[in-house]
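Novice: In the working numbering, the protein residues as written are -17 to 870.
Using N, Cα and C, we set each Cβ at its ideal position, and we do this for glycine too.
Quick caveat, the model's predicted, so the values are computed rather than measured.
Would you mind keeping the following structure in view while I ask a few things?
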C-alpha cells in the first residue's frame, strides 16, 4: 500500500495557556475525574501536607502539590481508585497577628486567604476531590479536637502540670520543646530567643508511647533514613544506669549515665542551670545566681563556661569529694540534668576540665583487640571515648567496659534505667486563634470536662488585646460547672495547632460524618496514607505527633489495626531563588506562581519543577529552564497539530525501530514514575518526542506508528502537563479525555539496553572517524558486524579465570582461527568487565533498524553487512558490540 503523508507542512501552531487551561479544568470538574466514592475498596491514598493559610501560594507549595498531583494522576491512569484531597491548616498565631495589623478578625482574614489560595490551586490544575475539603478553623472540625482531647483524658493521656516552660515573649505563648530551635533556643515561628516561665499547662503524655514510637521506626522502610534518625534522636532513648551522689548540705542527687564503667574517673560534678539543685544553690550564692541568670538570658554561652558552687559531691565508688559546678553544657532535658564528669573519657568534660584546671584521670584503656596502642593514649591532651579495659579502678581493674557497667549497678546501689529525651507534649497556648480546650475550672470540683453535647466550645468574638485574648472574653468564659452548677470559668488556653494536623488525614476519609470524627470502618480500610509528601521541617513535630495520635486512636478502637499513619514519606527539596539562596522578600529573589501562570501557563511551571530535580533534591529557579519547558510544550503541540492522521502501509525497519522506542519509553516512564523519579520519566518522554520529530522529518513515516507515538506521549506527559496533554489528545481525535485514558502497557523489547548502547557507541565511533580523518561530506558509510568466532572468543574469555589466552586456545573450534583468535584473546585479557553484547544476527538487525538515524545525521548512504558478505577486511575490524566501519 502506498503511504499517505502524515506530517503537514504548516506554520508553527501554538497554544494559549490562558485559553486551554480553564477549559480543561472545567472539563475535569464536570466529568468528576478526581472525585472518589465512599464505597470504593482501599484506594491509593496520595497526600501532600496541607498548607497553612498564609494568603498566597509560593513555589515550595507548587512543587509539593505538583509532586502529589502527578503521582495521583499516574495512579489513576493505571486504573486505580485514588484519594487525593486538600484542606487548610487554618488556625495559628500568624492569622491572629495579621488580623491585629489589619484591624479585622482572624476568621475573616483566614477565609479570604483560603479563597485566594483555592483559586491558585485550581489555576495550577491540581486534581483534588474538593468535596472532601477540611478547614481546621471550622467548628465542625475542631469540635472533634475537643472530643478527642476528652477521650485521651479518659485514657489517662492528659495531664495538667506546673513546670518551667518555654515562653516566647514575642508570640506571648508557651512553646513545646519541639518548637524551640537550635542551640540558640529560638522560637520556631519568629526566631525570638525563648525564655523560661513557671506555669500550669495541659499536656498529652506522649512519653507513654516513647518505646513504641522509637521501636516502630525500624519498620518504616518507606521513610527517608534521615527522618527516622531525627525522630530517634528526638525520642533519645538510651539504655544506662542511675546512681546517686551525695551533695554536702543538700542530700542525694540522681544522675543517669550510659558509661557507668568510668565512675572511678569522675573528678567533678556538674548541674544544668535549670536543675532544681542549681536553682536552690543560686538562692544562697550570688555568684551562682548571676551565672544561672546569664544562662537563662543569653542565647548561647561558651561550652566551657561554668561556676564553682563551693560545694562538693561524694563519689560512691571512691568516697572522694569532688567539686560541684553549674555548667551550661549540661542539658536539663537530657538524663536528669546532672552528671558526674569524667574528663579522661568525654570530650565536653575534657574541655571543661582544661578550662577550669580540674584533674583528668584515666580509668579506661584500649584492650588487646583495639587498633590503637594503650601507650599512644594521652588523656591529658585528648579524651579517650571508646570502650576498653578498666585501669585505676581498684578491684575492678582489668574488667572490660561492658562487664563493668553490669557489675557497677549493684556495687554502687544503682538501677538499670532507660532514659528518654522526649518530654510530654505541651498543648496549651495563650492565644485566641486555636481550638478552645474543653475544660471548666470549678472552685468546688476542680477541672471538669465540657459535656459532649455542649461541643464544640466555639470561640467568642475576637478581642484585640495583649496577653491571652480569651482571658478578656468575660461573658464567654463565665459558665456554670457541669457537675455541681457552681459558678465556674472556662479554660482560656487554646490547643497547639499541631493537634489539628495530627489526624486531619483521617477526616478527609469521611468529612461529613456528625457522630464521630471519622468513619472508623472506612478509615481502617483506606488507611494508612500510601504516599505522603511534605517538608523535612516537620520531622519531629507533625510527623511524630501524627504517629502518636494514630497509635492512640487504634488503642481506643477508633481504627482497627492502623498503627502508623504514612507508609511512604517524601520530603521535597527546597526551590531556591535564581541566586541559589532561599527565596525571601528581603532578598528579592522570590518567584510568584501567579506570574509564571500568567506568562507561561501552569503546565510550564509544573514541567520545569518536575524536570529540574528529583523530589527530595533542592534546586535553583532557572528562567532558561522555564523557557525550555515552555518551548518543549509548544513544539510538541505544533508536532501533533501537523499530524494529518494518515495510516500508511506496510512497516519497514525504520517503523520497527520507532515502535521499539515507544515501547521502551513506556516501560522506562512507568518504572520512573513508580519510583518517584519524575525527571527521569520526563527525560525519556523528551527523547521520544525528539525521535518522533526526526521520524517525521527524515522519513516517510508510517501513520499508525506516528499516531501511536504521539498518543503515548500525550498519556505519559499527562500527569505533569495535563492541560497540554488534553490538547494533544483532542488533536489526535481520541475518545474521552486524557485524564481518564488507559496508561499504555508495554515492556522493554528484549535486549533493548544492549541494543541502545550498540547504536549510541556506533554513532559516536562514526563521528570520531569523520572528525579525525577530516571527512567533510561523507557519501557512504559501511558497517559490518563481527563473525561468530569472535563472539565465541569473548564468551570463553568472560568465563576464564585470569588465563584468557591459554583458555581460548584450548578450544578446538577457536584454534582454527590461529593468531587472529590469539590476538583477540590478548585484547580481552586486559578487560576488567565485559558488557553484554548482541548475537551477530541481532546486532546486524539492530544496526539496520537504526541506520536511518545515521543517514539523517551525516546525509550519507548507510549499508550494514553481515560478516559473511562484508567487502574487503571490514568484518575483520569488527568486534562484538563494535562494528567495523568504513567511510567514503
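Rounded to the nearest angstrom, how far is the Cβ of residue 14 from that of residue 51, given a contact under 8 Å?
Specialist: For the purposes of this step, residue 14 is identified with residue 32 of the chain shown, where counting begins at 1. For the purposes of this step, residue 51 is identified with residue 69 of the chain shown, where counting begins at 1. The beta carbons of residue 14 and residue 51 sit about 17 Å from each other, so the pair does not count as a contact at 8 Å.
Novice: Return the CA-CA distance between residue 857 and residue 693, expressed in angstroms with no decimal places.
Specialist: As a first step, residue 857 must be located in the chain shown, where it is residue number 875. As a first step, residue 693 must be located in the chain shown, where it is residue number 711. The alpha-carbon atoms of residue 857 and residue 693 are separated by roughly 41 Å.
Novice: Within its chain, find whatever has a CB closer than 6 Å to the CB of residue 531; leave out the 5 residues flanking it on each side and keep chain order.
Specialist: Numbered from its first residue, the chain shown carries residue 531 at position 549. Around residue 531: 484 and 485.
Novice: Within 10 angstroms of the Cβ of residue -17, are there 16 or more other Cβ atoms? Answer buried if so, exposed if not.
Specialist: Walking along the chain shown from the start, residue -17 turns up at place 1. Confidence at residue -17 is low in this model, with a pLDDT of 33, below 50, so its placement is unreliable and the value that follows should be read with caution. Answer is exposed; the Cβ neighbour count stays below 16.
Novice: Taking Cβ positions, are residue 417 and residue 124 nearer each other than 8 Å?
Specialist: Position 435 of the chain shown, counted from the start, is the residue given in the question as residue 417. Position 142 of the chain shown, counted from the start, is the residue given in the question as residue 124. In this structure, residue 124 lies closer than 8 Å to residue 417 by Cβ.
Novice: Classify residue 38 as buried or exposed, calling it buried when 16 or more other Cβ atoms lie within 10 Å of its own Cβ.
Specialist: The residue labelled residue 38 in the question sits at position 56 within the chain shown. Residue 38 is exposed by the Cβ-count criterion.
Novice: Which two residues bound the contiguous beta strand (DSSP E) that contains residue 743?
Specialist: Along the chain shown, one-based indexing puts residue 743 at 761. From DSSP, residue 743 is part of no beta strand (DSSP E) but of the alpha helix (DSSP H) over 734 to 755.
Novice: May I ask you to report which of helix, strand or coil DSSP gives residue 846?
Specialist: By 1-based counting over the chain shown, the position of residue 846 is 864. Strand at residue 846.
Novice: Could you please give the first and the last residue of the uninterrupted alpha helix (DSSP H) stretch that includes residue 380?
Specialist: Here residue 380 is taken as the residue at index 398 of the chain shown, counted from 1. Taken as a continuous stretch (DSSP letters only), residue 380 belongs to no alpha helix (DSSP H), as it is neither H nor E.
Novice: Report the option in 389, 374, 345 and 514 whose CA atom is closest to the CA atom of residue 368.
Specialist: Against the chain shown, residue 368 aligns to sequence position 386. Nearest option by C-alpha distance: 345.
Novice: Quick test of the definition: if touching needs 3 or more C-beta pairs under 8 Å, does the region 634 to 647 touch the region 842 to 851?
Specialist: no
Novice: How many Å lie between residue 450 and residue 279 at the Cα?
Specialist: As a position in the chain shown, residue 450 is number 468, starting the count at 1. As a position in the chain shown, residue 279 is number 297, starting the count at 1. Using only the alpha carbons, I get a separation of about 24 Å.
Novice: Pull up the distance between the alpha-carbon of residue 134 and that of residue 283, whole angstroms please.
Specialist: The sequence position of residue 134 within the chain shown is 152, counting from 1. The sequence position of residue 283 within the chain shown is 301, counting from 1. Cα to Cα, the separation comes out at about 40 Å.
Novice: May I ask you to list the residues that DSSP assigns as paired with residue 75?
Specialist: Residue 75 sits at position 93 when you count from the first residue of the chain shown. In DSSP, residue 75 forms no bridge with anything.
Novice: According to the neighbour-count rule (16 or more other Cβ atoms, all chains shown, within 10 Å of its Cβ), is residue 448 buried or exposed?
Specialist: For this step, residue 448 is matched to residue 466 along the chain shown. Residue 448 should be labelled exposed.
Novice: Taking Cβ to Cβ, would you say residue 224 is nearer than 8 Å to residue 397?
Specialist: Translated into the one-based positions of the chain shown, residue 224 becomes position 242. Translated into the one-based positions of the chain shown, residue 397 becomes position 415. In this structure, residue 397 lies closer than 8 Å to residue 224 by Cβ.
Novice: Taking all protein chains shown into account, decide if residue 341 is buried (16 or more other Cβ within 10 angstroms of its Cβ) or exposed.
Specialist: If you number the chain shown from 1, residue 341 lands on position 359. Looking at its Cβ environment, which holds fewer than 16 other Cβ atoms inside 10 Å, residue 341 is exposed.
Novice: Please state whether DSSP places residue 254 in a helix, a strand or coil.
Specialist: Here residue 254 refers to the residue found at position 272 when the chain shown is read from its first residue. It is coil, neither helix nor strand.
Novice: For the beta strand (DSSP E) containing residue 66, name the first residue and the last one.
Specialist: Taking the chain shown and counting its residues from 1, the one referred to as residue 66 is at position 84. Segment: none, residue 66 is in no beta strand (DSSP E) and carries neither H nor E.
Novice: Identify, in the order they occur along the chain, each residue of the same chain with its Cβ nearer than 6 Å to the Cβ of residue 551, setting aside the five sequence neighbours on each side.
Specialist: As a working mapping, residue 551 is identified with position 569 in the chain shown. Excluding residues within five positions, the ones whose Cβ falls inside 6 Å are 205 and 514.
Novice: Considering just the uninterrupted stretch of the alpha helix (DSSP H) at residue 780, what are its terminal residues?
Specialist: Here the question's residue 780 lines up with position 798 in the chain shown. Note, residue 780: alpha helix (DSSP H), 770 to 781.
Novice: Going by DSSP, what residues sit across from residue 853 in a beta bridge?
Specialist: Translated into positions along the chain shown, residue 853 becomes position 871. Looking at the DSSP assignment, residue 853 forms no beta bridge with any residue, so it has no partner.
Novice: If I measure Cβ to Cβ from residue 850 and keep anything under 7 Å in the same chain, skipping five residues before and after, which residues do I get?
Specialist: Taking the chain shown and counting its residues from 1, the one referred to as residue 850 is at position 868. Correct list: empty, nothing qualifies.
Novice: Are there 16 or more other CB atoms within 10 angstroms of the CB of residue 208, so buried, or fewer, so exposed?
Specialist: Counting from 1 along the chain shown, the entry for residue 208 is found at position 226. The residue is exposed, with fewer than 16 neighbouring Cβ atoms inside 10 Å.
Novice: Starting from the C-beta of residue 544, find all residues in its chain whose C-beta is less than 8 Å away, skip the five residues before and the five after it, and write them out in chain order.
Specialist: Here residue 544 refers to the residue found at position 562 when the chain shown is read from its first residue. The answer, listed in chain order, is 505, 506, 509, 510, 532, 535 and 536.
Novice: On the criterion of 16 or more Cβ atoms from any shown chain inside 10 Å, does residue 244 qualify as buried, or is it exposed?
Specialist: To locate residue 244, count along the chain shown from 1; it is residue 262. With 16 or more Cβ atoms within 10 Å of its Cβ, residue 244 is classed as buried.
Novice: Here's the rule: buried if 16 or more other CB atoms are within 10 angstroms of the residue's CB, otherwise exposed. What is residue 317?
Specialist: Here the question's residue 317 lines up with position 335 in the chain shown. Per the 10 Å Cβ criterion, buried.
Novice: Quick one: measure Cβ to Cβ for residue 873 and residue 557, integer angstroms, because I've assumed they're closer than 8 Å.
Specialist: This structure cannot settle anything about residue 873, because the visible part of the chain is limited to -17 through 870.
Novice: How do the region 419 to 436 and the region 54 to 68 stand: do at least 3 beta-carbon pairs fall below 8 Å, yes or no?
Specialist: no
Novice: Shortest alpha-carbon distance to residue 34 belongs to which of 640, 76, 313 and 772?
Specialist: Position 52 of the chain shown holds residue 34. The shortest C-alpha separation from residue 34 is found at 76.
Novice: Compute the Euclidean distance between the alpha carbons of residue 871 and residue 57, then round it to the nearest angstrom.
Specialist: Outside the displayed range of the chain (-17 to 870) lies residue 871, so it cannot be described from this structure.
Novice: Skipping 5 residues on each side, what residues in its chain have a beta carbon closer than 8 Å to that of residue 11?
Specialist: As a first step, residue 11 must be located in the chain shown, where it is residue number 29. Excluding residues within five positions, none has a Cβ falling inside 8 Å.
Novice: Does the Cβ of residue 562 have 16 or more other Cβ atoms within 10 Å, making it buried, or fewer, making it exposed?
Specialist: Against the chain shown, residue 562 aligns to sequence position 580. Residue 562 is exposed by the Cβ-count criterion.
Novice: With a floor of 4 residues, list each alpha helix (DSSP H) that falls wholly inside the region 236 to 313, ordered by position along the chain.
Specialist: 258 to 264 and 268 to 279
Novice: Among 751, 728 and 442, which residue has its Cα nearest to the Cα of residue 88?
Specialist: In the chain shown, counting from the first residue as 1, residue 88 sits at position 106. Checking every option, the nearest Cα to that of residue 88 belongs to 442.
Novice: For residue 772, does the count of other Cβ atoms within 10 angstroms reach 16, so buried, or fall short, so exposed?
Specialist: As a first step, residue 772 must be located in the chain shown, where it is residue number 790. Result: buried.
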